[in-house]
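To keep things clear, I will list the structure first and then write my remarks on it.
2 protein chains.
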Amino acid sequence: MSAIPTTPASPEVPVWSVDPRTGERREQVAAEAGPQTVDAAVLSAHDARGALTDRSVRSAFLRTAAESLEEAREELVAVSDAETALGATRLTGELARTCYQLRAFADAVDEGAFLDVIISHPDATATPPIPDLRRYKVPLGVVAVYSASNFPFAFSVAGGDTASALAAGCPVVVKAHPDHPATSEATVAVLRRAADRHGIPAGVVGLVHGFDAGVALVEHPLVAAAGFTGSVRGGRALFDAAAARPVPIPFHGELGSLNPVLVTGPAAAERAEEIGAGLAASMTMGVGQFCVKPGLVLAPADASGDELVKALAQSLADVAPGVMLDHRMRDNFVAGLAERAELPDVEAPVSPGATDAHTVGAGVLTVPAHKLADGAGGAHDLLLEECFGPVTVVVRYEDQAQADAVLDRLPGNLTATLHVSAEEAATGSAADLLARLTPLAGRVLVNSWPTGVAVAPAQQHGGPYPATTSTSTSVGLTAAERWLRPVAYQNTPEALLPPELRDDNPLGLPRVVDGRREG
Amino acid sequence: MSAIPTTPASPEVPVWSVDPRTGERREQVAAEAGPQTVDAAVLSAHDARGALTDRSVRSAFLRTAAESLEEAREELVAVSDAETALGATRLTGELARTCYQLRAFADAVDEGAFLDVIISHPDATATPPIPDLRRYKVPLGVVAVYSASNFPFAFSVAGGDTASALAAGCPVVVKAHPDHPATSEATVAVLRRAADRHGIPAGVVGLVHGFDAGVALVEHPLVAAAGFTGSVRGGRALFDAAAARPVPIPFHGELGSLNPVLVTGPAAAERAEEIGAGLAASMTMGVGQFCVKPGLVLAPADASGDELVKALAQSLADVAPGVMLDHRMRDNFVAGLAERAELPDVEAPVSPGATDAHTVGAGVLTVPAHKLADGAGGAHDLLLEECFGPVTVVVRYEDQAQADAVLDRLPGNLTATLHVSAEEAATGSAADLLARLTPLAGRVLVNSWPTGVAVAPAQQHGGPYPATTSTSTSVGLTAAERWLRPVAYQNTPEALLPPELRDDNPLGLPRVVDGRREG
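Protein chains in written order, with UniProt numbering: chain A, 1 to 519; chain B, 1 to 519.
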């Protein structure tokens with residue numbers, strides 16, 4: 001472990017790296033950051049803004065960061081596995097994704113479309129007349145990034161929030177997740193070496209540990225925006241703090257999601273086994289600790305639905321017990337299951353829960369739809385809350401009206417999935433169902449599974465609250481929009497204009513000029 | 001007055017139209033909306049969503065609305081002048097602008113670029129592999145619009161928030177401003193007749209009166225977003241309410257702005273008289289009741305700066321007293337002036353304030369820059385707050401360091417203006433000053449005045465808090481972005497896809513396909 005501690009070790013509140021496979025402390029990684037340490041990190045980040053002004057420096061830095069992370073792969077994966085138990089295969093893949101993401105943002109920085117250059121030349125015929133107006137987007141300033149427990153690379157120190165913020169020209173200060181402090185330190189050290197190679201101060205990516213540090217961060221006057229991936233409780237508290245500041249700031253938080261799946265009768269009749277097996281694979285990926293885990297499945301209350309549940313149960317029986325990210329999550333999972341399992345008419349064809357002192361087994365709960373469809377306030381409403389871990393709730397519906405009634409009761413989601421038959425897909429007869437699911441989520445899938453979030457221009461990883469606290473995405477190239485604000489220059493002489501806005505377009509940017517798209 | 005009351009008149013809390021020229025009540029227009037009336041308006045709007053799905057219906061409705069408002073011009077201008085005292089010329093111009101804006105949004109709806117269609121075809125070489133992903137933007141739902149006092153047409157019932165929300169496919173419920181309830185009723189009647197001509201239910205534009213109704217509106221579960229133009233106090237209270245909801249919603253508020261102006265030494269030396277006269281015209285437009293009124297002007301503390309102040313004072317002496325929008329505003333203006341004028345070292349070359357029981361005269365206050373530059377906490381900080389009405393504060397600075405120190409203390413603004421000499425403009429030597437002003441505002445002007453906000457694609461009417469509570473604009477075609485959220489469809493069969501996202505592009509939309517821009 002060659003991580004460079006970024007906060008002075010203090011005997012008062014040590015930060016430990018813990019092995020979730022044993023619950024034992026591995027080593028003290030750092031100390032929790034007090035207010036002065038947070039302030040210093042934010043000031044250093046603020047001072048590093050200028051170093052990101054040049055887009056070519058920014059993109060080169062992002063590419064070097066990707067390359068350097070790849071070079072450090074062996075160490076990073078080992079450290080991360082030791083404190084998350086996610087396994088070398090998964091973590092190697094996640095690191096590759098993280099590097100791909102950094103490079104994709106580097107390409108986006110070079111292209112410059114995200115600057116949204118719009119030029120309106122003077123037009124005396126408009127009401128009122130239009131003067132010379134030139135608009136583009138500028139970085140907001142220091143971005144606070146709150147790491148996720150479940151993605152130590154892709155949604156943490158070098159993850160999507162950081163990559164998109166740096167791409168936008170914003171330095172970041174990351175609040176490390178307590179489940180992987182050593183990985184966080186190792187990652188930030190790599191990023192800082194990469195920054196140094198491009199003459200960018202190390203402060204461009206700050207790192208702080210500790211709950212109080214996270215609160216201090218979102219309240220710091222020089223923090224201009226925040227990105228968060230985590231729980232509804234933690235995320236909402238930080239959202240509230242961001243909104244309550246004397247100067248409120250945008251808080252882009254991804255909090256929680258049930259990710260409902262609707263299986264039609266014809267779909268179940270056509271391929272109950274395939275759907276059951278697919279569901280088992282999706283809901284147990286990463287020990288059920290994915291934000292897009294399908295957590296609630298509407299399946300018909302008929303024989304083909306029975307077959308689906310049977311196939312799901314069979315597949316789950318083959319899934320080996322897994323280690324969750326930490327013991328607190330494990331305890332929450334076990335307690336949450338117990339509370340759900342004892343609800344009237346809830347059955348457990350495969351009982352999920354603790355298998356030994358450290359591992360948990362995957363399972364499934366079933367419930368008749370009328371328990372959820374009959375309005376709010378009942379004990380069964382608990383089933384409409386996310387249960388983080390390898391469990392899904394299959395809701396058996398009698399008819400479409402009952403399925404609709406359950407859908408009506410769902411909170412916002414990252415994803416919603418529709419499983420239809422080949423005929424329903426080909427004839428378009430299921431288009432109404434797709435329209436039914438669209439208001440529920442930011443990403444709507446057909447005949448596939450929501451786990452696995454591609455880094456692509458058309459990606460949308462964000463949905464109605466509590467899935468996300470804003471209308472933005474945290475994955476995909478439009479994620480950079482979150483850290484920018486538009487500025488328009490009026491009647492500004494060519495010699496004073498930023499090069500991005502000059503008529504001769506010296507930087508070759510795509511832009512819209514007098515309503516016409518160029519480049 | 002042929003306004004159709006939309007809320008049942010109730011003797012309990014009548015809503016009066018008042019003549020600000022006399023302070024007398026003109027007529028009872030409606031009654032304040034209770035919780036049930038607000039609920040009914042929101043439900044009607046919610047039910048009207050489907051009628052806005054077809055973009056061609058939407059754009060036709062917006063054009064008919066513009067046409068109908070023009071047809072009703074004489075009546076609308078008369079009603080509005082009677083309760084705002086803004087004068088027929090100004091109001092006729094404002095109505096024309098409002099109609100232009102509706103048509104500009106209609107054109108944008110037809111073009112469809114705001115749908116932001118992005119298609120990513122499957123790519124197995126990506127990490128992780130990219131499935132078929134197709135993203136566009138869908139309407140958020142019912143939008144609450146809070147009318148502004150100072151623009152009874154352009155920022156009220158048929159103003160920019162309403163036009164952009166309807167363009168985005170969102171019905172609206174407007175909270176009328178108490179300064180022009182009759183204008184609000186007359187306007188909504190015209191919009192509803194226009195809606196009817198396109199088969200759109202009247203509820204597509206709701207109207208409610210009363211402070212409590214405004215609070216109930218932002219708290220209504222079916223309200224999905226809000227647009228606001230008004231005071232810092234009122235706007236912040238509603239922003240806080242929007243953020244505190246169980247499901248928080250986006251609140252796009254334009255609250256307050258000083259709109260600083262920096263006049264360089266060479267600019268003052270070159271054209272002190274022209275700048276003084278231009279400033280007088282800009283700051284007294286609409287009796288100083290513009291959100292972009294230049295409220296704080298940094299001028300050199302030398303002879304040319306003296307000349308500028310003299311020219312300003314001379315021009316102001318020629319400005320006739322004006323009637324403010326209501327007597328509460330007038331009282332606030334007079335009280336605010338008195339408090340400012342009695343600060344040590346503040347002088348009033350032309351004393352603004354009450355001229356008779358109903359009118360106010362324009363004026364200017366001056367203060368040495370060191371009173372503001374020397375850090376926070378002093379009584380002079382009051383000069384850094386907006387004073388709504390025909391007054392500006394000229395801050396006399398000794399050197400650039402002193403001017404910078406004052407700029408550092410400013411809150412966020414809608415606009416910031418730079419006046420430079422011809423040489424500074426031509427050689428680009430003032431580029432640093434432009435960069436200095438950019439962080440302060442959403443629109444930066446050179447050698448012109450901020451009043452007059454063009455409706456143009458490149459417009460940005462929104463700046464750092466408290467100018468705006470989000471990074472959005474409320475004027476210009478990108479204003480529609482506020483009322484949309486992205487949705488991505490994954491692996492969705494062609495027959496189930498919305499036509500906007502089909503490969504063959506049946507609607508001929510501009511889009512980005514696999515990174516290439518089309519159309």
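The beta-carbon is built from N, C-alpha and C at its ideal position, and this holds for glycine as well.
Once DSSP output is grouped into helix, strand and coil, what is the label at residue i?
i, result
"T64 (chain B)", "helix"
"V297 (chain A)", "strand"
"P14 (chain A)", "strand"
"I118 (chain A)", "strand"
"Q460 (chain B)", "coil"
"P352 (chain A)", "coil"
"D19 (chain B)", "strand"
"T438 (chain B)", "helix"
"L46 (chain A)", "Here residue 46 (chain A) turns out to be His, not Leu, going by the sequence shown. Reduced to three states, the DSSP call for H46 (chain A) is helix."
"R409 (chain B)", "coil"
"P139 (chain A)", "strand"
"V218 (chain A)", "helix"
"H419 (chain B)", "strand"
"T127 (chain A)", "coil"
"V453 (chain A)", "coil"
Going along the chain, which residues of its own chain have a beta-carbon closer than 7 Å to the beta-carbon of residue i, five neighbours each way excluded?
i, result
"D179 (chain A)", "E83, T84, S149, L325, D326"
"I130 (chain A)", "S120, P122, D123"
"L410 (chain B)", "L258, P260, L384, L440"
"A108 (chain A)", "F114, A167, L477, A480"
"P349 (chain B)", "V309, A313, V364, T366"
Closer than 7 Å, CB to CB, is residue i near chain B or not?
i, result
"R271 (chain A)", "no"
"R516 (chain A)", "no"
"N332 (chain A)", "no"
"V444 (chain A)", "yes"
"T229 (chain A)", "no"
"A425 (chain A)", "yes"
"P457 (chain A)", "yes"
"P128 (chain A)", "yes"
Grab me the residues of residue i's own chain with a C-beta within less than 6 Å of its C-beta, minus the 5 sequence neighbours each way, in chain order.
i, result
"L52 (chain B)", "R58, G169"
"T486 (chain A)", "This sequence places Pro at residue 486 (chain A); Thr is not what is there. Here the set comprises R135, K137."
"L343 (chain A)", "A379, H380"
"G463 (chain B)", "G412, N413, L414, A441, G442"
Comparing the C-beta of residue i with each C-beta of chain A, is any distance below 7 Å?
i, result
"A430 (chain B)", "yes"
"I118 (chain B)", "yes"
"P499 (chain B)", "no"
"Q289 (chain B)", "no"
"A454 (chain B)", "yes"
"R97 (chain B)", "yes"
"residue 603 (chain B)", "Lying before the first or after the last residue shown, residue 603 (chain B) is absent from chain B, which here runs from 1 to 519."
"S448 (chain B)", "yes"
"V247 (chain B)", "yes"
"P201 (chain B)", "no"
"A495 (chain B)", "yes"
Alpha helix (DSSP H) containing residue i: first to last residue?
i, result
"E481 (chain B)", "That residue, E481 (chain B), is in no alpha helix (DSSP H); it is neither H nor E in DSSP."
"V228 (chain A)", "Note that residue 228 (chain A) is Phe in the sequence shown here, rather than Val. It is not in any alpha helix (DSSP H) - F228 (chain A) instead sits in the beta strand (DSSP E) that spans 223–229."
"G91 (chain A)", "The sequence given here has Leu at residue 91 (chain A), not Gly. Segment 88–111, the alpha helix (DSSP H) holding L91 (chain A)."
"E24 (chain B)", "Not the alpha helix (DSSP H): E24 (chain B) falls in the beta strand (DSSP E), residues 24–31."
"V77 (chain B)", "73–84"
Taking the beta strand (DSSP E) that residue i falls in, what are its first and last residues?
i, result
"L365 (chain A)", "363–368"
"H209 (chain B)", "Unbroken run through H209 (chain B): none, as it is neither H nor E."
"E518 (chain B)", "516–518"
"T392 (chain A)", "391–397"
Checklist entry - In the stretch 159–200 of chain B, which residue ranges form an unbroken alpha helix (DSSP H) of at least 4 residues, counting only runs that do not cross its ends? => result Here the runs fully enclosed are 160–168, 181–197.
Checklist entry - Can you list the beta strand (DSSP E) stretches of 3 or more residues lying completely in the stretch 236–284 of chain B, in chain order? => result The stretch 236–284 of chain B contains these whole beta strand (DSSP E) runs: 251–254, 260–263.
Item to check | Length-filtered (4 minimum) alpha helix (DSSP H) runs lying within the stretch 288–350 of chain A | outcome: Runs of the alpha helix (DSSP H) lying entirely within the stretch 288–350 of chain A and spanning at least 4 residues, in chain order: 303–317, 327–341.
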